[in-house]
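**Q** Please read through the structure below; I'll follow up with questions.
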Amino acid sequence: MAYSHLLIAIDLTEDCHRVLERAQQLCQALACQTTLVHVVEPLTLAFGGDVPMDLSLLQEQQTEQAQHKLNILAEQHQLLKENNCHLRYGQPRQEIHLLAKEHNCDLIIVGSHGRHGLAMLLGSTTKDLLADAPCDVLAVDLQIHTADD
Ligand code: AMP
């Protein structure tokens, strides 16, 4: 069974180019539709609920920066157009699953890892996405392999 609609979820780091490349190859091979999503996570989630300061301005800036990066990516990758790039706000797993259902996507494409350092303690979005996924999930290997591997 071929896939007909890919949902590409990106974290807007350098790694997302590799995820986009793989998605582009699949899309060419299968001649399928594509939708892209980046989810802006609430800062209160990252810092915990009881931060004694107003994070709304910071959150607004984060959203603006994400939209700016998304616009640049849309110009760089022929796979992307303004109307298939979505910026969502919330918890990544929840929003990605929701978007996949809304658009009848049958394959979600993500990177195998994205975070480094401390943030790794929070767990991987990819692992999280697998639980109750509404369709198949493809994890693109983001490690650079050498001949010795
Ligand atoms: P991580 O959980 O940070 O290791 O990320 C693994 C992969 O999940 C990334 O390479 C992206 O494909 C995807 N991902 C992580 N965070 C987000 C996000 N905020 N919005 C959309 N996709 C994401």
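With the numbering used here applied, the sequence shown corresponds to residues 1162 to 1310, in that order.
From the three backbone atoms N, C-alpha and C, an ideal C-beta is built for every residue, glycine too.
Does DSSP classify residue 1286 as helix, strand or coil?
**A** helix
**Q** What are the complete alpha helix (DSSP H) segments, minimum 4 residues, inside the segment 1179 to 1247?
**A** 1204 to 1208 and 1217 to 1237
**Q** Using the Cβ count rule (16 or more neighbours within 10 Å means buried), how would you classify residue 1233?
**A** So residue 1233 ends up on the exposed side.
**Q** Does any heavy atom of the ligand AMP sit closer than 8 Å to the C-beta of residue 1165?
**A** No; taking the cut-off as 8 Å, the Cβ of residue 1165 has no heavy atom of the ligand AMP nearer than that.
**Q** Using 10 angstroms around the beta-carbon of residue 1287, count the other beta-carbons present and answer buried if the total reaches 16, otherwise exposed.
**A** buried
**Q** Pull up the distance between the alpha-carbon of residue 1247 and that of residue 1213, whole angstroms please.
**A** Taking the straight line from one Cα to the other gives about 31 Å.
**Q** Less than 9 Å separating the beta-carbons of residue 1188 and residue 1163?
**A** It is not a contact, given that the beta carbons lie outside the stated cut-off.
**Q** Looking at C-beta atoms only, is the number of pairs between the segment 1223 to 1240 and the segment 1287 to 1298 that lie closer than 8 Å three or more?
**A** No, because fewer than three Cβ pairs between the segment 1223 to 1240 and the segment 1287 to 1298 fall closer than 8 Å, the two stretches do not touch.
**Q** In whole angstroms, what is the alpha-carbon distance linking residue 1171 and residue 1272?
**A** Distance between the alpha carbons of residue 1171 and residue 1272: 8 Å.
**Q** Can you tell me which residues form a DSSP beta bridge with residue 1249?
**A** 1200.
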